[in-house]
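Numbering (this note's numbering), first residue to last: 404 to 670. Shown next, in structure tokens, is the structure this report addresses.
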């Protein structure tokens, strides 16, 4: 048994025996049959409304498994770094907010809702999880294609401008966003959109070898020539994707505009 699976069992047992816990659900790799020794453990834990103001989440987590660090990340998710270097993500909410689960539907596919269920004293959790079953949102839409193309242009132009200014570190940071939007379009083109939101997840297996080779050409060290080369390669790929997708989707940008971007980077 993986250590993560032991931690999951401990959390389930704690929830069952803690009257302050109304319900608990899990999300992430272990609910999709993809968990391994490097995977995180991730939970939503719903606290009884009458005790939520005095509930000590840090103390609760510290009793799950030996922990080296507990903190809130930039998304206000409580993160635990367990002593064995396993990461845990915890969302503690009052049970009056349990219907937040309905909002998860738009984020993807949930193939095994039974594995998401950890504990429930309210009889409200499973019906909400059932609402997540079935196919996920349609990613192959004009809206998503335009979202990726338009945001590519925005991120690309900002990255090229700061590169031209000499802010190479900032340009390298911007390249990450450019890569994200291209990968979303690659996934749409190759009809492999399960990880459309988290576009680099499982990339080595998800996209074709040729597209992965292209992705490598979009990467760069902190060097102006390499950055320029990477930004140019992203533009070549976006033109290729535009030509491949234009007959299937209504796209805001056009070939003439893309050629204008080529002219701009070469100035």
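Built from N, CA and C at the ideal position, the CB exists for glycine as well.
Top-ranked residue by Cα proximity to residue 579, from 602, 598, 589: Of the residues 602, 598, 589, the one whose Cα lies closest to the Cα of residue 579 is 602.
CB contact flag (residue 449, residue 500, <9 angstroms): yes
From 523, 532, 486, 540, residue whose alpha carbon lies closest to that of residue 512: 540
Secondary structure of residue 552, DSSP reduced to three states: helix
Minimum C-alpha distance to residue 631 - residue among 571, 489, 440, 519: 571
Those runs of the beta strand (DSSP E) which lie wholly inside the region 466–496 and span at least 3 residues: 470–475, 481–485
8 angstroms contact criterion, which residue 585 and residue 640 should meet: CB distance rounded: 6 angstroms
Assigned secondary structure, residue 445 (DSSP; H/G/I helix, E/B strand, else coil): strand
Whole-angstrom C-beta distance between residue 497 and residue 455, which should lie under 8 angstroms: 4 angstroms
Exposed unless 16 or more other CB atoms sit within 10 angstroms - verdict on residue 607: exposed
Unbroken beta strand (DSSP E) run spanning residue 523, endpoints: Looking at the DSSP string, the run of the beta strand (DSSP E) that includes residue 523 is 520–523.
Buried versus exposed call for residue 625 [16 or more other C-beta atoms within 10 Å across all chains shown]: exposed
Proximity of residue 407 and residue 473 at Cβ, strictly below 9 angstroms: no
Buried/exposed call for residue 757, threshold 16 Cβ in 10 Å: An answer regarding residue 757 cannot be provided, because it is not within the stretch 404 to 670 covered by the chain.
Short Cβ contact (9 angstroms threshold) for residue 636 with residue 620: The beta carbons of residue 636 and residue 620 sit closer together than 9 angstroms.
Helix, strand or coil at residue 543 [DSSP, three-state]: Three-state DSSP puts residue 543 in coil, outside helix and strand.
Length of the line joining the Cα atoms of residue 419 and residue 522: 7 angstroms
Pairwise C-alpha distance: residue 569 and residue 643: Going by the C-alpha atoms only, they are around 29 angstroms apart.
Start-to-end residues for the alpha helix (DSSP H) that takes in residue 529: 528–533
Segment limits, beta strand (DSSP E) that includes residue 404: Taken as a continuous stretch (DSSP letters only), residue 404 belongs to no beta strand (DSSP E), as it is neither H nor E.
CB of residue 409 within 9 angstroms of CB of residue 468, strictly: yes
Nearest residue (CA-CA) to residue 503, options 485, 613, 458, 534: 534
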